[in-house]
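The sequence shown begins at 103 in the numbering used here and counts up one residue at a time.
Don't be surprised by glycine CBs; every beta carbon is placed ideally from N, CA and C.
The structure displayed is predicted, hence computed values, not measured ones.
Comments concern the structure below.
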Amino acid sequence: MKTITRRSLLTNAVAASFGGVAMAATNKKKKKSTAYSEELVAPRTKTQGLRPKAKEIVKITKLETFLVKPRGLFLKMHTNAGVVGWGEPITEGRALTCATAVKEIEPYLIGKDPRNVVHHWQAIYRHAFYRGGPILTSALSGIDQALWDIKGKLLGVPVYELLGGPTRERIRVYAHARTPEDIKKRKAEGFTAFKCGPAKVKDRAPRLVENRAYIDNAIEKFAALKELVGKDGDLGIDFHGAIQPGTAKLLIKALEPYQPFFYEEVINCQDVDGMAELAKSTHIPLATGERIFTKWGFREILEKRASIILQPDLCHAGGITEVRNIAGMAEAYYASIAPHNPLGPISLAAGLQIAASIPNFLCQEQVSLGEGYIKNPFKVREGFVDLPTGPGLGIEIDEEGMKERDLIGHDWKNQESYDADDGSVVDW
Ligand SMILES: [Mg+2]
C-alpha cells in the first residue's frame, strides 16, 4: 500500500496544477533529497532572518502589474514553481502610484519563499518605518492576496481551508441599486440585499445643514426602494462620509421607520467620536471601514463603539492576513464584518475567502461577479454565491479574454465636486 505523505500530496498538487515541467523538476529533487534534509530547506537570505523550515524550495521571481478597466490594478506574482498568485494592490484613482509602490517592494520579495505570508506582511509593513495609509497598505494588500493565492495553489486547497474554514456553506452578497429599475433588475438576478445612497435634490451635493425639501425627498426615494425590496429583503444606505453631522442626524432619524439594513459612513470616519455619538442616537447599526486601514485603524472604532458593522476593504486594509485579524478583534466586540468591494474579481475572491473563514461575517459587497475578467464568474442564487472550491483564491484570471475585450489600460480619475450654489469644494 502506498503511503501518502504531505510531501507526496504537495508534489501531486503542483504537478496536477502546473503540468509536466513542474512535475519533472519536483521528481528530480525527490530523487536526490529526503524530507527535512538541508537541501529541502529554503535557503536563508541575508535579509530574511529566521523562518520556518520548508520541504520544497519555492521562490518569488517577478512581480508584474497592469492597469485593468474601469479603474483597477492587477498584480501577477511569479514563482520558480510555475505557480502565479494574483492580487489587486489598488487605491481608486491612484493606480500608477500603487504600481510604483509595488515596484519599490519587489526587491524585498524576489528570491523569498512566498509561503511565509505573515512574515512578509510584517516585514513590508514595519520595515517601511512610515507605516500605513492608503497607498502603502493597498500595495501590501494586493501582495498579501497574491501570497495567499500561491500558498493555496501549492497546497491544492482554498485559502479558507488554511484559515480553519469553511465556517459557512454559502456566502451572502449585496448589490448596488439607486433606482427602482436597479432593484427590479438585481432582484431578477437573484440578489436579496442591496445598498443605495441618499437621493439628491436637483443633483446638488448635500449642504452642511439641509432643509425639509432635501430630507423629504431622500425619505420618499428610500421608501420607494424599500417597498420593492420587500420586508424579507435588506436595503442599506451609504452616506459616503459626505454628509455633515447636522444633516446626518436629520437623515438618520427620518429613515429609521424604514429600518435600513445599516447606515454606512454616516460622517467622515476621521471623526470617530462624532460617529460614536451618532451610533448611540439610533437603533439602526452603523457601518464603516472602507477608508480605515489595518487593525490599528479599526481599534478605535471598536473601542469607542462607533460601529458594529466593520467594512474593511480587502484591497486597502491589509489584505486577507489583516482582515482576518480585524474580524477577530470585531468578534470580541460582537461586531460583524461586511467587506467593502467596489473593485474587481480578485478583491471579491479575497472577500469570499474571508467570509468562509470567520464566524462574524454579515454580507459581501460586489459590483461585478467577474464576467469578462475570470473564466468562471461567480453566480448568485437566493442572494448567495456558492463557496469557492478552487485552490488559492479560487479564481482563474482570463488574461487573453481581458485583452480581447480591451480591458487592459485606463486613466480613471476621482471626480471633482463643487457646491452648485457657491462653487466651493464638497465631498462626493
Ligand atoms: Mg461606502
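Minimum length 3: unbroken beta strand (DSSP E) runs contained in the segment 285-361: 295-298 and 336-340
To the nearest whole angstrom, what separates the beta carbons of Q361 and I386, a pair I think is in contact under 8 Å? 7 Å
So what does DSSP say about R407, is it helix, strand or coil? coil
Alpha-carbon spacing of S110 relative to A241, whole angstroms: Reliability fails at S110, whose pLDDT of 42 lies under 50, so the model's placement of it is uncertain and the value that follows must be treated cautiously. About 35 Å.
For ligand 1, any of its heavy atoms closer than 7 Å to the Cβ of D340? yes
Contiguous beta strand (DSSP E) assignments of at least 3 residues, all confined to the segment 408-450: none
Can you tell me whether D488 is helix, strand or coil according to DSSP? strand
Please work out which residues of its chain come closer than 7 Å, Cβ to Cβ, to G299, disregarding the five sequence neighbours upstream and downstream, and give them in chain order. R280, I339, D340 and H342
Helix, strand or coil for H229, going by three-state DSSP, please let me know. coil
Going by the DSSP bridge assignment, what does A389 pair with across the sheet? E366 and I411
Coil, strand or helix - Q224 by DSSP: helix
Could you tell me the boundaries of the beta strand (DSSP E) in which L509 lies? Counting along the chain, L509 falls outside any beta strand (DSSP E), and DSSP gives it neither H nor E.
Determine the contact status of M179 and V170, defining contact as a CB-CB distance below 8 Å. no
For F480 versus R274, is the C-beta distance shorter than 8 Å? no
Out of L489, A434, Q468 and A183, which has the shortest C-alpha to C-alpha gap to K253? A183
Between G174 and L445, what straight-line distance do the alpha-carbon atoms span, to the nearest angstrom? 7 Å
Compute the beta-carbon to beta-carbon distance between W188 and Q224, rounded to the nearest angstrom, for a pair I have assumed lies under 8 Å. Not quite, the Cβ-Cβ distance comes to about 22 Å (not below 8 Å), so this is no contact.
Say the cut is 7 Å; is the CB of E194 nearer than that to a heavy atom of ligand 1? no
I'd like the list of long-range same chain contacts for L152, defined as Cβ closer than 7 Å, with 5 residues on each side in sequence excluded. Here L152 scores only 47 on pLDDT, less than 50, and its place in the model should not be relied on; the value that follows carries that caveat. Nothing listed; no residue qualifies.
What is the DSSP secondary structure of I456, reduced to helix, strand or coil? helix
Is any heavy atom of ligand 1 found at a distance shorter than 7 Å from the C-beta of V392? A small fix is needed here, since residue 392 is Glu in this sequence, not Val. It does: the Cβ of E392 is within 7 Å (strictly closer) of some heavy atom of ligand 1.
Same chain, Cβ closer than 8 Å to G235, neighbours up to 5 away in sequence not counted: F395
Taking 7 Å as the cut-off, is the C-beta of E531 nearer than that to any heavy atom in ligand 1? Absent from the model: residue 531. The displayed extent of the chain is 103 to 530, so no value can be given.
Three-state class that DSSP yields for L495 in the structure shown: coil
Taking the straight line between their C-alpha atoms, what separation do you get for Y436 and P268? 20 Å
Can you look up Q247 in the DSSP assignment and give me helix, strand or coil? helix
With a 10 Å radius around its C-beta and 16 neighbouring C-beta atoms as the bar for buried, classify A277 as buried or exposed. buried
Can you tell me where the beta strand (DSSP E) holding G376 begins and where it ends? Element bounds for G376: not the beta strand (DSSP E) but the alpha helix (DSSP H), V374 to K382.
Beta-bridge partners of F463, as assigned by DSSP: I439
Assuming C417 and S526 are in contact, meaning their beta carbons sit under 8 Å apart, how far apart are those beta carbons, in whole angstroms? At roughly 31 Å, the Cβ-Cβ gap does not stay under 8 Å, so C417 and S526 are not in contact.
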